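Undergrad: Supplied in structure tokens, the structure appears directly below.
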Amino acid sequence: MADKELKFLVVDDFSTMRRIVRNLLKELGFNNVEEAEDGVDALNKLQAGGYGFVISDWNMPNMDGLELLKTIRADGAMSALPVLMVTAEAKKENIIAAAQAGASGYVVKPFYRRDAGGKTQQNL
């Protein structure tokens, strides 16, 4: 059974998408959710600590999701943090790049709630 107090960080440059993911997490029973607008903002929050799961978009200004993922995996303190990529990038090479960089899962937008929810729960 997943820890419902687990702290999530939802990273996306579109506030509507952040809200959709936040609501999905709420439906799954997770209320401890914070948001970041891009990879730089996310990294600053992650370095402060306390997060147990990251859900990130790929295409964002300043630092994209793939670069954020690589940075997380290279940091000893954060390297084991589950990172779910939720993105419109559906090309096979992008999915492979995310997997090679250490993504815990990959969901293509637009997504069904059961797909994103299932991938999230698989990685808890």
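In our numbering, the protein residues as written are 2 to 125.
We put the beta carbon where it would ideally sit given N, CA and C, even for glycine.
Computed from a predicted structure; not experimentally measured.
Tell me which residues share the same chain as Asp65 and place their Cβ nearer than 7 Å to its Cβ, disregarding the 5 neighbours each side in the sequence.
TA: Excluding sequence neighbours, Asp65 sits near Gly40 and Trp59.
Undergrad: How many whole angstroms separate the CB atoms of Leu26 and Val55, which I take to be in contact at a CB cut-off of 8 Å?
TA: 12 Å between Cβ atoms; not a contact.
Undergrad: Just the C-alpha distance for Glu6 and Val34, rounded to the nearest angstrom, thanks.
TA: 9 Å
Undergrad: Mind checking which residues open and close the alpha helix (DSSP H) that includes Ser105?
TA: Careful: Ser105 lies outside any alpha helix (DSSP H) and carries neither H nor E.
Undergrad: Can a CB atom of chain D be found closer than 8 Å to the CB of Glu90?
TA: Structure shown: chain D not included; a single protein chain is present.
Undergrad: What's the C-alpha gap between Met2 and Phe31?
TA: Bear in mind that a pLDDT of 45 at Met2, under 50, signals an unreliable position, so the number given afterwards is only what the model happens to contain. Those two C-alpha atoms are separated by around 12 Å.
Undergrad: Quick check on Pro83: buried or exposed, where buried means 16 or more other Cβ atoms within 10 Å of its Cβ?
TA: Around the CB of Pro83, 16 or more other CB atoms lie within 10 Å, so the residue is classed as buried.
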